[in-house]
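Residue numbers (my numbering): 13 to 161.
Beta carbons are placed, not taken as given, at the ideal position from N, Cα and C, and that holds for glycine.
Just so you know, these numbers come straight off a predicted model, no measurement behind them.
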């Protein structure tokens, strides 16, 4: 399930979005998990674009940390590990991530890691007659390497 999903939509599916991504994982598309004992408390995924013109890019998807485990650096470590693994993929130069503009904690985290904003999609999502804008962010491999060193 991802932020634009809702419970009823996901329940109607034979398999959840993240289940498909886990089952179909490969070097270019993967999901990682954070565990406390045997409990899954967070996930982060990566998908590489498969078009030859944009195969140098990918996107982080499905970032989620159980609310009981937030503010413990789990989200930071998940995203950081996802980025590190993605940049090991030959030819990956750019990673995108999206955030709903009202999610300031996630946006701060992404900026801390080195992501920069490149656009906003107005009225991206509508929930109970309330619209939410969608911020698109990008991380370049060269900048990331310089940022962490």
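Cutoff 7 Å; reference residue i; Cβ partners in own chain excluding five residues on either side
i: residue 60; result: 40, 41, 67, 70, 101, 104
i: residue 126; result: 151, 155, 156, 159
i: residue 119; result: 111, 147
Proximity winner among the options, relative to residue i (alpha-carbon distances)
i: residue 150; options: 96, 72, 64; result: 72
i: residue 3; options: 58, 51, 141, 115; result: Any property of residue 3 remains undetermined from this structure, which presents the chain solely from 13 to 161.
i: residue 107; options: 115, 91, 141, 117; result: 91
i: residue 58; options: 117, 119, 96, 129; result: 96
Supposed close pair residue i, residue j - CB separation, criterion 8 Å
i: residue 76; j: residue 54; result: 6 Å
i: residue 56; j: residue 74; result: 7 Å
Exposure of residue i, with buried meaning 16 or more beta-carbon neighbours within 10 Å
i: residue 147; result: buried
i: residue 110; result: buried
i: residue 225; result: The requested residue 225 is not part of the displayed model; the chain covers only 13 to 161.
i: residue 139; result: exposed
i: residue 122; result: buried
i: residue 85; result: exposed
i: residue 94; result: buried
Proximal residues to residue i (C-beta, below 8 Å), its chain only, five neighbours per side dropped
i: residue 132; result: 113, 145, 146, 147, 148
i: residue 88; result: 121, 124, 125
Limits of the beta strand (DSSP E) - the one that residue i falls within
i: residue 47; result: 41-48
i: residue 106; result: 106-112
Residues of its chain near residue i, where Cβ-Cβ distance is below 6 Å and the 5 sequence neighbours each way are ignored
i: residue 135; result: 143
i: residue 153; result: 99, 105
i: residue 33; result: With a pLDDT of 49 at residue 33, under the threshold of 50, the modelled position of that residue is not reliable, and the figure given next carries that caveat. The answer, listed in chain order, is 43, 57.
Limits of the alpha helix (DSSP H) - the one that residue i falls within
i: residue 89; result: 86-99
i: residue 82; result: No alpha helix (DSSP H) holds residue 82; DSSP gives it neither H nor E.
i: residue 56; result: Unbroken run through residue 56 is the beta strand (DSSP E), 51-60; no alpha helix (DSSP H).
i: residue 154; result: 153-160
i: residue 67; result: Taken as a continuous stretch (DSSP letters only), residue 67 belongs to no alpha helix (DSSP H), as it is neither H nor E.
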